[in-house]
Amino acid sequence: MALALLGTEPVSWTGSWPETGAATQAFAFYLSVLAAGAAAWVSSSNTRHGLIELTASATIPSAAVEAYRLAAAAALLLVPYLIGGAAGFALTASTFPPGLGLWAGYVLMGAIVMLLAVAWGWAIGRYANPAYAALTASFSWFVFEAFPGDAADLGVASGPAWKQPDPPALLLRSAAVMAFLSLIAWAYTKNRKRWKSLTLTVLGGTGAVLVTMSTTGVSDRHVPDHPLCVSGAIEICLWPEDRKYLPLVRALDQRAATLPTDWRLPAHLDQYGLKRIERNDNGERAVELDGAFKFPDGSKWGLALGMSHAILNRTLGPCDWKAIWKAEDFTPETLRKWLEFYLAESNRPAYRTTQLSEDMGKAWSSASQAFGELPADQQFDWARRQLDRVKDSYCAHPSPRP
6 MALALLGTEP VSWTGSWPET GAATQAFAFY LSVLAAGAAA WVSSSNTRHG LIELTASATI
66 PSAAVEAYRL AAAAALLLVP YLIGGAAGFA LTASTFPPGL GLWAGYVLMG AIVMLLAVAW
126 GWAIGRYANP AYAALTASFS WFVFEAFPGD AADLGVASGP AWKQPDPPAL LLRSAAVMAF
186 LSLIAWAYTK NRKRWKSLTL TVLGGTGAVL VTMSTTGVSD RHVPDHPLCV SGAIEICLWP
246 EDRKYLPLVR ALDQRAATLP TDWRLPAHLD QYGLKRIERN DNGERAVELD GAFKFPDGSK
306 WGLALGMSHA ILNRTLGPCD WKAIWKAEDF TPETLRKWLE FYLAESNRPA YRTTQLSEDM
366 GKAWSSASQA FGELPADQQF DWARRQLDRV KDSYCAHPSP RP
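Using my numbering, read the sequence shown as starting at 6 and increasing by one per residue.
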């Protein structure tokens with residue numbers, strides 16, 4: 006099942022350690038639901054089979070017996086997750102890009118989720134009605150994971166190069182989960198009343214949940230001293246961990262070089278996260294990530310989108326954008342969309358945009374029609390006419406674009 010879940014993830018994660026690690030921990034979301042139910046089922050087995058008195062009379066301390074059972078269950082329930090992690094590692098290790106530490110961080114993040122689910126299920130199985138313990142554990146864990154857990158970055162959907170698993174958060178979460186597991190075993194002794202054991206377990210579980218909720222799973226990375234840059238018609242810089250996109254970057258850069266001289270190319274573009282913008286928000290200094298493009302799901306469309314904006318801004322930068330907006334003239338957007346189609350060599354984007362205005366929809370349709378129906382030389386003529394009209398109308402008294 007672990008391998009099947011890994012296979013449902015987009016193939017874009019292969020060749021990138023952070024994306025591979027994120028894909029591995031992503032299916033911990035599903036496996037942990039089963040792990041919580043399985044742990045509750047194993048935990049309640051003594052009660053279901055009437056073995057409480059037998060285990061209580063054993064010469065081995067009951068806390069030690071509970072610890073052995075809990076450790077064995079946790080180890081076995083981690084196996085499917087670790088198999089998926091090993092499969093992902095093997096696929097990306099064939100190219101071995103930079104960023105192995107990021108992979109390890111994401112895998113640890115998923116392992117923490119699995120162990121917390123086991124502790125959650127074990128506690129419910131120990132003290133709840135055995136007939137419904139497994140179902141109760143799985144359902145309650147799913148609700149926690151999907152709502153408050155999601156807000157606390159219990160797991161992530163992707164692993165972009167500008168993000169990293171937060172080391173202090175992982176350390177605190179690991180300590181909290183191990184303490185919760187240890188407390189579950191220690192609290193269950195034959196000499197301690199049931200309500201006291203339950204109280205200790207609830208306190209331990211509450212502490213583990215509070216630590217998880219009060220920490221942020223991922224944080225922004227520092228900008229690398231030496232980003233990976235491609236020098237061509239445009240110098241395009243990437244995070245080193247995304248070196249698998251170099252062929253795609255070179256292809257779109259070469260495509261941009263074939264544009265007519267009417268279009269002015271920017272000298273330099275940075276991937277998202279390689280630039281930082283400092284802002285002053287009511288006296289408080291804030292640093293925001295910035296950049297020209299991303300690679301959503303490994304798609305060329307993120308790069309084509311960013312390059313089209315940069316080329317249009319460079320070409321029409323000195324024009325009167327206030328007048329363009331006041332006139333509600335969507336010709337610049339028509340040209341920008343055509344640039345995106347031209348760079349990507351397709352007018353069928355791999356993304357969907359909802360709630361487009363009627364004018365914006367017409368602008369995009371016009372660009373799609375020009376790209377899809379005209380040969381390249383006629384497309385250039387069409388774009389030149391549109392560009393000349395914008396320049397004649399709005400560039401006599403230019404105002405800078407915000």
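We put the beta carbon where it would ideally sit given N, CA and C, even for glycine. All of these numbers come straight from a predicted model, not from anything done at the bench.
Discussion item. So, at 6 Å on beta carbons, what are the nonlocal neighbours of L203 in its own chain, with the 5 sequence-adjacent residues on each side left out?
Written reply: Only Y132 meet the Cβ criterion.
Discussion item. Rounding to the nearest angstrom, what Cα-Cα distance links A180 and G288 in this structure?
Written reply: 37 Å
Worksheet item: If we count the other Cβ atoms within 10 Å of its Cβ and call it buried at 16 or more, is F101 buried or exposed?
Response: exposed
Fill in: Distance, G209 Cα to A184 Cα
7 Å
Item to complete: Taking R284 as part of the beta strand (DSSP E), name the residues at either end of that continuous run.
Response: 280-286
Fill in: Cβ neighbours of W167 in the same chain (closer than 7 Å, five flanking residues each side left out)
D225, R226, W244, Y277, G278, L294
Discussion item. Given a cut-off of 8 Å on the beta-carbon distance, is the pair Q30 and Y111 in contact?
Written reply: yes
Practice prompt. Taking 8 Å as the cut-off, decide whether the C-beta atoms of D286 and G222 are in contact.
Written response: Contact flag unset, no.
Discussion item. To the nearest angstrom, how far is the alpha carbon of R389 from that of D267?
Written reply: 7 Å
Item to complete: State yes or no: is the C-beta of A77 nearer than 7 Å to some heavy atom of the ligand SAM?
Response: No copy of the ligand SAM occurs in the structure displayed, which carries no ligand at all.
Worksheet item: Hey, quick one: how far does the alpha helix (DSSP H) through A40 stretch, first residue to last?
Response: 33-48
Discussion item. L159 and W127 - do their beta-carbons sit closer together than 8 Å?
Written reply: By the CB criterion at 8 Å, W127 and L159 fall outside the cutoff.
Worksheet item: Given a threshold of 16 other Cβ atoms within 10 Å of its Cβ, counted over all protein chains shown, does V292 qualify as buried or as exposed?
Response: exposed
Discussion item. Contact defined as beta carbons within less than 8 Å: I believe T336 pairs with Q391. What is the distance between those atoms, to the nearest angstrom?
Written reply: 6 Å
Fill in: Backbone CA spacing between L215 and D275 [nearest angstrom]
So the alpha carbons of these two residues sit roughly 38 Å apart.
Worksheet entry | C-beta atoms of S17 and D302 nearer than 8 Å | yes
Fill in: Rounded separation between M375 and W387 - CA only
The question names Met, but residue 375 is Ala in the sequence shown. Looking at the two C-alpha atoms, the distance is approximately 8 Å.
Discussion item. Which of the three DSSP states is assigned to D295 in this structure?
Written reply: strand
Discussion item. Going residue by residue through the stretch 92-150, where are the continuous alpha helix (DSSP H) segments of at least 4 residues, counting only ones entirely within it?
Written reply: 105-132
Worksheet item: Going by C-alpha distance, which of E283, R255, L253, I316 is nearest L270?
Response: I316
Worksheet entry | Test item: CB-CB of F147 and V38 under 8 Å | yes
Worksheet item: From this set, A372, A401, R260, which residue's C-alpha is nearest P323's C-alpha?
Response: Of the residues A372, A401, R260, the one whose Cα lies closest to the Cα of P323 is A401.
Item to complete: Would you identify the three-state DSSP class for E333, choosing helix, strand or coil?
Response: Residue state, collapsed to three classes: coil.
Worksheet item: Is S49 near P135, with beta carbons less than 8 Å apart?
Response: yes
Item to complete: Taking L175 and L113 to be in contact with their CB atoms under 8 Å, please state how far apart those CB atoms are, rounded to whole angstroms.
Response: 6 Å
Worksheet entry | Contact check, T97 vs W22, beta carbons under 8 Å | For T97 and W22, yes; Cβs fall inside 8 Å.
Discussion item. Please state the DSSP three-state secondary structure of V161.
Written reply: coil
Worksheet item: Which of helix, strand or coil does DSSP assign to E350?
Response: If DSSP states are grouped into helix, strand and coil, E350 belongs with coil.
Fill in: Alpha carbon of D397 to alpha carbon of A151, nearest angstrom
In a straight line, the C-alpha of D397 is about 54 Å away from that of A151.
Worksheet entry | Segment contact flag, the stretch 257-265 with the stretch 332-351, C-beta cutoff 8 Å, min 3 pairs | yes
Discussion item. I'd like the list of long-range same chain contacts for V235, defined as Cβ closer than 7 Å, with 5 residues on each side in sequence excluded.
Written reply: I241, L251, V254, R255, D258
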